[in-house]
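To start, the structure under review is shown below, and the notes come after it.
2 protein chains.
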Amino acid sequence: MSRKRIRDIRNEELIEATIVAVHKRGYGVVTMAEIAREAGASAASINYYFGSKEGLMEATMLHLLGKLRQAMSAGYATARTPRERLYAVMDANFADGLFTVPQCSIWMQFWANAPYSTRLSRLHRINRARVRSHFLAELRALLPEDRVETARQALQCYMDGVWLQAAQSEEALDPDEARAAAHRVVDLVIP
Amino acid sequence: MSRKRIRDIRNEELIEATIVAVHKRGYGVVTMAEIAREAGASAASINYYFGSKEGLMEATMLHLLGKLRQAMSAGYATARTPRERLYAVMDANFADGLFTVPQCSIWMQFWANAPYSTRLSRLHRINRARVRSHFLAELRALLPEDRVETARQALQCYMDGVWLQAAQSEEALDPDEARAAAHRVVDLVIP
DNA sequence: GAAACTTGAATGACCGTTTAAAAAACTGTT
DNA sequence: AACAGTTTTTTAAACGGTCATTCAAGTTTC
Chain A
57 MSRKRIRDIR NEELIEATIV AVHKRGYGVV TMAEIAREAG ASAASINYYF GSKEGLMEAT
117 MLHLLGKLRQ AMSAGYATAR TPRERLYAVM DANFADGLFT VPQCSIWMQF WANAPYSTRL
177 SRLHRINRAR VRSHFLAELR ALLPEDRVET ARQALQCYMD GVWLQAAQSE EALDPDEARA
237 AAHRVVDLVI P
Chain B
57 MSRKRIRDIR NEELIEATIV AVHKRGYGVV TMAEIAREAG ASAASINYYF GSKEGLMEAT
117 MLHLLGKLRQ AMSAGYATAR TPRERLYAVM DANFADGLFT VPQCSIWMQF WANAPYSTRL
177 SRLHRINRAR VRSHFLAELR ALLPEDRVET ARQALQCYMD GVWLQAAQSE EALDPDEARA
237 AAHRVVDLVI P
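First to last, the protein sequences are chains A and B.
Following the numbering used here, the numbering of the first sequence begins with 57 at its first residue and continues without gaps.
Following the numbering used here, the numbering of the second sequence begins with 57 at its first residue and continues without gaps.
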């Protein structure tokens, strides 16, 4: 009922405001007051809903991870061959709603700070392992075993590298082009 | 004379301390006092030498960029073929003195914060453009023109991605293995 | 003795979190 | 519909703490 609704609405609003505010000011220096202003709320209300600044950051990362997982599931549903599923894994990282400067920027900042927060590093490890196993599963169907690991490293590191670069971009990103480029890289690695 | 010497010695000491302290605590939260303690000095002396915290961070990044450039020059000196020079570009990023967890971690943090500091982003852009042009020069000798750009993206993003991953590592890194892996990736992309 | 170096203490600013009290939303009753 | 009581939501203000930077007064070096 309404009991749940308001809480959900505020959670969503505050997380969106967090993404925008962190992108604008940087993870290290953004303040509760700035995030609150972005959301049209007060700093105190953030603590009411998330308990602390760290709780808000963790919730924001969880939110983004959810979007990522959802994008990957959607791609998998229509992929039929190993190569198509490989494309799907890459495409998920460059999906329209995900591959934007603010979100790449946020991800970048979370990564950089993960080693100093047990909560963030846990999420980071889990996500990385998931992507890794997806890659391995598809690559084993496409390459001899002794080349699988090298190809996996090449592709997974490529994806990370693209985000890293995207986070620095001053113009809007082009997800279509990013996906096309990723496909070209896949085809380069697996002729 | 000594006039210059002491200043140089302190600069070096303080920058080394900065690398260690930033790695231990994180760019966003490390304090002047912590860096000073690491160097066995006082916070005030850092300002005496570097003017401000941001000045220290810029000097540290400049120092690391210098090491990188030096490693690349060293590799280039002995490389004879385009493929060897391509290896050399990669190897520079995974050189023994450079490819350590603290330094990858620092680089990561600088990258993440570059968009919020005109000084850092300037350095970042310059370095990236330099690596890019090296890659392009060698790749043009090895591939037909229409595959050069894709290969460049694959390799440059791979390098960034490896560092990103290395920054999260809890064990010491293995530069030898990293270079071998990089060579395998090059060979995968350019058969 | 001058110039370069060092630092403890003071300064001034900022920030996350808590608290207490008000506002709003909801409930059941008349 | 109106209302009194209860719960949920909101925030202004206060609190406790941290930190970069400055400065004046020392110490060392030449």
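Note that the Cβ used here is the ideal one computed from N, Cα and C, for glycine as well.
Three-state secondary structure assigned by DSSP to residue i
i	result
Tyr-104(B)	helix
Gln-221(A)	helix
Phe-155(B)	coil
Leu-112(B)	helix
Tyr-132(B)	helix
Val-241(B)	helix
Ile-91(B)	helix
Ser-161(A)	helix
Ile-65(A)	helix
Pro-200(A)	coil
Ser-189(B)	helix
Ser-58(B)	The predicted position of Ser-58(B) is uncertain, since its pLDDT is 48 and thus under 50; no value can be drawn from it.
Asp-147(B)	helix
Glu-233(A)	helix
Glu-226(B)	coil
Tyr-83(A)	coil
Gly-122(B)	helix
Ala-97(A)	coil
Asp-138(A)	For the record, residue 138(A) in the displayed sequence is Pro; it is not Asp. Helix, per DSSP.
Ile-246(A)	coil
Ser-177(B)	helix
Sequence-distant residues of its chain with Cβ nearer than 7 Å to residue i (five each side left out)
i	result
Ala-237(A)	none
Glu-69(A)	Ala-95
Arg-81(B)	Glu-90
Ala-234(B)	Phe-150, Phe-155, Val-218
Val-85(B)	none
Arg-61(A)	none
Ala-207(B)	Leu-195, Leu-199, Val-245, Ile-246
Ile-102(B)	Leu-70, Met-88, Ile-91, Ala-92, Leu-112
Arg-250(B)	As displayed, chain B neither begins before 57 nor continues past 247, which places residue 250(B) out of reach and without an answer.
Neighbourhood of residue i by C-beta, 6 Å cutoff - its chain only, sequence neighbours within 5 removed
i	result
Ile-91(A)	Ala-73, Thr-74, Ala-77
Pro-247(A)	none
Ala-151(A)	Ala-127
Met-57(B)	With a pLDDT of only 45 at Met-57(B), under 50, the local geometry of the prediction cannot be trusted, and the value read off the model is given with reservation. Within the same chain, Met-57(B) has no close Cβ partners at all.
Leu-160(B)	The question names Leu, but residue 160(B) in the sequence shown is Cys. These residues qualify, in order along the chain: Trp-219, Ala-222, Ala-223.
Residues near residue i in its chain [Cβ-Cβ closer than 8 Å; skip 5 each side]
i	result
Asn-183(A)	Leu-121, Leu-124
Ile-239(B)	First, the amino acid is wrong: residue 239(B) is His here, not Ile. The residues are Tyr-143, Met-146.
Tyr-83(A)	Met-113, Ile-162, Gln-165, Phe-166, Ala-168, Asn-169
Val-204(A)	Leu-192, Leu-195, Arg-196
heavy atom of the ligand NAD below 7 Å from residue i C-beta
i	result
Ala-127(A)	This structure does not include the ligand NAD; it has no bound ligands of any sort.
- Message: Give me the subset of the region 205-232 of chain B whose CB atoms are less than 8 Å from a CB atom of chain A, sorted by chain position.
- Response: Thr-206, Ala-207, Gln-209, Ala-210, Gln-212, Cys-213, Tyr-214, Met-215, Asp-216, Gly-217, Val-218, Leu-220, Gln-221, Ala-223, Gln-224
- Message: So, does the region 108-118 of chain A touch the region 59-76 of chain A, judging by three or more C-beta pairs under 8 Å?
- Response: yes
- Query: Is the number of C-beta pairs between the region 212-229 of chain B and the region 160-178 of chain A that are closer than 8 Å three or more?
  - Reply: yes
- Query: Pairing CB atoms from the region 213-220 of chain B with CB atoms from the region 202-219 of chain A, are three or more of them under 8 Å?
  - Reply: yes
- Query: If contact means a Cβ-Cβ distance below 8 Å, which residues of the region 159-172 of chain B contact chain A?
  - Reply: Ser-161, Met-164, Gln-165, Trp-167, Ala-168, Asn-169, Ala-170, Pro-171, Tyr-172
- Message: Which residues of the region 111-133 of chain B have a Cβ closer than 8 Å to any Cβ of chain A? Give them in chain order.
- Response: none
- Task: Anything in the region 76-96 of chain A with a Cβ closer than 8 Å to a Cβ of chain B? List those residues in chain order, please.
- Result: Arg-81, Gly-82, Tyr-83, Gly-84, Val-85
- Item | Within 9 Å of chain A by C-beta, residues of the region 179-196 of chain B in sequence order | His-180, Arg-181, Arg-184
- Chain-ordered residues of the region 141-153 of chain B with a beta carbon less than 9 Å from chain A: none
- Query: When you check each C-beta in the region 236-247 of chain A against every C-beta of chain B, which residues fall closer than 7 Å?
  - Reply: Ala-237, Arg-240, Val-241, Leu-244, Val-245
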